[in-house]
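Residue 209 in the numbering used here is what sits at position 188 of the sequence shown, and the numbering runs on without skipping anything. Don't be surprised by glycine CBs; every beta carbon is placed ideally from N, CA and C.
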Amino acid sequence: MGIEIDYESMANANEIYYRIQYGSPAPNEGDEFIEWEDRTQGLTPEELEDLYNDLPNSDKGSKIVQLAMTRLGDPYSQEKRRQGRFTDCSYLTLWSYRQLGIKLPATAAEQARFCVNNKITISKKDLVPGDLVFWSHKPNGRFMNITHVEIYAGGGKVIDASYSNGKVVYRSLFESNKQVLYGRPHILK
């Protein structure tokens, strides 16, 4: 029809379609995917201390990892994010970055768009602590169909607010075929 559709219009159309077709909201951000279960790695106080000691000193990315680690075990909820200790994936990244004065958009998809628009995307081989890892599991009408975001902690590990585990966890980075973008907002400011 020759009409250019913006991101918000696509997301709204997708939401309407799901409500009519399935009687429920469209799939949204979150890692409610069965294959993610049983991948949680708990940390003992000694392991947490070792992780902190392995992070580069005076590095913004390392500080973001440390901040995110203070949220380990916090309950997951999209509806209650920002209330008490509740968080979801994008609020965990937003909150961790905001502590250092870096303002990120509110959703994982918009955080990815922010990284692209500000030319702060990187390749997977260049990941350092504090970088963001973006996932797409299925079409959802959002930017690049982004469904989830995690904070890279180094050593092949990430920190994320996990729907399937119901809390913020530290775990291995896996399923590279579903990772669609990597960003480094901690170089800003």
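In whole angstroms, give me the CA-to-CA distance for residue 120 and residue 91.
12 Å
Can you round the beta-carbon distance between residue 80 and residue 98 to whole angstroms, since I take them to be within the 8 Å contact cut? No, residue 80 and residue 98 are not in contact; Cβ-Cβ is about 31 Å, not under 8 Å.
### Query
Taking 9 Å as the CB-CB limit, is residue 162 close to chain E?
Included in the structure is just one protein chain, with no chain E present.
- For residue 96, write down the residues that DSSP places opposite it in a beta bridge. 188
Own chain partners of residue 82 with C-beta closer than 6 Å, once the 5 adjacent residues on each side are dropped
149, 150, 151 and 207
- Query: For the beta strand (DSSP E) that contains residue 202, what are its first and last residues?
  - Reply: 200 to 204
Exercise. Of the choices 197, 163, 139 and 169, whose alpha-carbon is the least far from that of residue 185?
Worked result: 169
According to DSSP, simplified to helix, strand and coil, what is residue 132?
helix
Quick check: the Cα distance between residue 190 and residue 200, rounded to an integer number of angstroms? 18 Å
* Indicate whether the contact test is met: 3 or more Cβ pairs, each with one atom in the region 127 to 141 and one in the region 160 to 177, closer than 8 Å. => yes
Query raised in the report: Between residue 209 and residue 138, is the Cβ-Cβ spacing less than 9 Å?
Result: no
Report task. Give the straight-line distance between the Cα atoms of residue 116 and residue 192, rounded to the nearest whole angstrom. Result -> 19 Å
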